[in-house]
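One structure is given here, and the rest of the page talks about it.
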Amino acid sequence: MSTVYYPCAKCGDEIGSAHPIEWSAAKPYHSECTPTFKPRRYWSANGFSIAIVVLPGIVDWAAYIGATMGTVREEETVEFVAARGCKLEESLARTLFPQFSETSYRA
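So this is what it looks like as structure tokens:
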């Protein structure tokens, strides 16, 4: 069986069918490029899950931190933090997510 290649709907890079492909609205995406993907840091230990989640905007971004009980899945923790987390101070957020260094941090 040969590998089938699809262009990522966001970045345009080819995705081989042997790699994880996310489909949204019948378009292929890398897992990092899906419309619902949120950049994050995630830890789970001693019955708790902790996440730091980036919520990018059109011209700015912000990072939020929060925790859930460890029995909650990673995606549920990320969604909880995105909705109800505490905003990180800018210097810590920029250290954790240097890929946003050229973008304004949300006030």
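Heads up, the sequence shown is in the numbering used here, so the first residue is 34 and it goes up one at a time. The C-beta atom is built at its ideal place from N, Cα and C for all residues, glycine as well.
Original post:
Is it true that the CB of residue 101 sits closer than 8 Å to the CB of residue 82?
Top reply: Translated into positions along the sequence shown, residue 82 becomes position 49. Translated into positions along the sequence shown, residue 101 becomes position 68. Yes.
query = Are the beta-carbon atoms of residue 85 and residue 121 separated by less than 8 Å?
reply = Locating residue 85 in the sequence shown gives position 52, where the first residue counts as 1. Locating residue 121 in the sequence shown gives position 88, where the first residue counts as 1. Less than 8 Å divides the Cβ of residue 85 from the Cβ of residue 121.
Quiz item: Would you call residue 73 buried or exposed, if buried means 16 or more other Cβ atoms sit within 10 Å of its Cβ?
Solution: Working through the sequence shown from its first residue, we reach residue 73 at position 40. Buried, by the Cβ-count rule.
**Prompt:** Among 97, 104, 71 and 88, which residue has its Cα nearest to the Cα of residue 80?
**Reply:** Taking the first residue of the sequence shown as position 1, residue 80 is located at position 47. Of the candidates 97, 104, 71 and 88, the one whose C-alpha sits nearest the C-alpha of residue 80 is 104.
_In the DSSP output, what is residue 47 paired with across the bridge?_
Position 14 of the sequence shown, counted from the first residue, corresponds to residue 47. Looking at the DSSP assignment, residue 47 forms a beta bridge with 40.
Closer than 6 Å by C-beta to residue 126: which residues in its own chain qualify, once you throw out the five before and the five after it? Chain order, please.
Translated into positions along the sequence shown, residue 126 becomes position 93. The residues are 96.
ask   = Does the beta-carbon distance from residue 115 to residue 71 come in below 8 Å?
value = One-based indexing of the sequence shown puts residue 115 at position 82. One-based indexing of the sequence shown puts residue 71 at position 38. Yes, the Cβ-Cβ distance between residue 115 and residue 71 is below 8 Å.
(Q) Does any residue of chain C have a CB that is nearer than 8 Å to the CB of residue 47? (A) Chain labels in this structure do not include chain C; a single protein chain is all it has.
Q. Does the Cβ-Cβ distance between residue 93 and residue 134 come in under 8 Å?
A. The count along the sequence shown starts at 1 and reaches residue 93 at position 60. The count along the sequence shown starts at 1 and reaches residue 134 at position 101. Not closer than 8 Å, so no.
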